[in-house]
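A.B. asks: My questions all concern the structure below.
In the working numbering, the protein residues as written are 11 to 154.
As structure tokens, then:
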């Protein structure tokens with residue numbers, strides 16, 4: 011009986027959180043719109059890295075829309091899979107989808123593209139996390 015009560019309370023808590031978020035979305039439409047626009051812009055910039063990589067290898071003939079669309083399709087395919095850290099899948103799809111465009115330069119192009127769009131972002135995020143950890147820790151110690 012206690013397990014049932016626990017699960018019921020857990021579900022009720024989750025529903026309450028969902029309702030709170032739904033209410034926030036309803037009452038803060040401008041914030042939601044801004045976040046949506048910024049996210050689209052950010053994603054397009056990340057997909058644009060593949061196009062810049064394409065150009066940096068001296069390749070021509072495929073337009074920016076095609077390359078960004080292919081990169082977006084890879085992203086959607088990987089993000090739909092409920093796998094932790096779908097890294098290997100991203101690389102495999104990159105190799106399969108972009109080989110007709112990059113030819114024998116596909117592997118080096120993947121390393122450059124992923125290095126710029128993923129690993130650089132990961133390193134910068136890690137640095138911000140480390141710095142913020144120390145800054146927050148210092149502020150907490152000052153308050154005490």
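Just so you know, even glycine gets a beta-carbon here, dropped at the ideal spot from N, CA and C.
Given the structure is predicted, the values throughout are model-derived calculations rather than measurements.
Leaving out five residues before and five after residue 81 in sequence, what residues of the same chain have Cβ atoms less than 7 Å from its Cβ?
C.D. replies: A distance below 7 Å between beta-carbons, with the five flanking residues on each side excluded, links residue 81 to the following residues of its chain, in chain order: 57 and 60.
A.B. asks: Would you call the CB atoms of residue 111 and residue 72 closer than 7 Å?
C.D. replies: For residue 111 and residue 72, yes; Cβs fall inside 7 Å.
A.B. asks: List, from N- to C-terminal side, the alpha helix (DSSP H) runs of 4 residues or more that fit wholly inside the stretch 31-70.
C.D. replies: 39-66
A.B. asks: Is residue 100 closer than 7 Å to residue 86 when the C-beta atoms are compared?
C.D. replies: no
A.B. asks: Inspect the beta-carbon positions of residue 126 and residue 67 and report whether they are closer than 7 Å.
C.D. replies: No, they are not a contact pair.
A.B. asks: Given this structure, state the Cα-to-Cα distance separating residue 64 from residue 40, to the nearest angstrom.
C.D. replies: 36 Å
A.B. asks: Report yes if the C-beta distance between residue 35 and residue 42 is below 7 Å; otherwise report no.
C.D. replies: yes
A.B. asks: Quick check on residue 120: buried or exposed, where buried means 16 or more other Cβ atoms within 10 Å of its Cβ?
C.D. replies: buried
A.B. asks: For the alpha helix (DSSP H) that residue 132 lies in, which residues bound it at each end?
C.D. replies: 130-153
A.B. asks: In angstroms, rounded to a whole number, what distance separates the CA positions of residue 13 and residue 20?
C.D. replies: 10 Å
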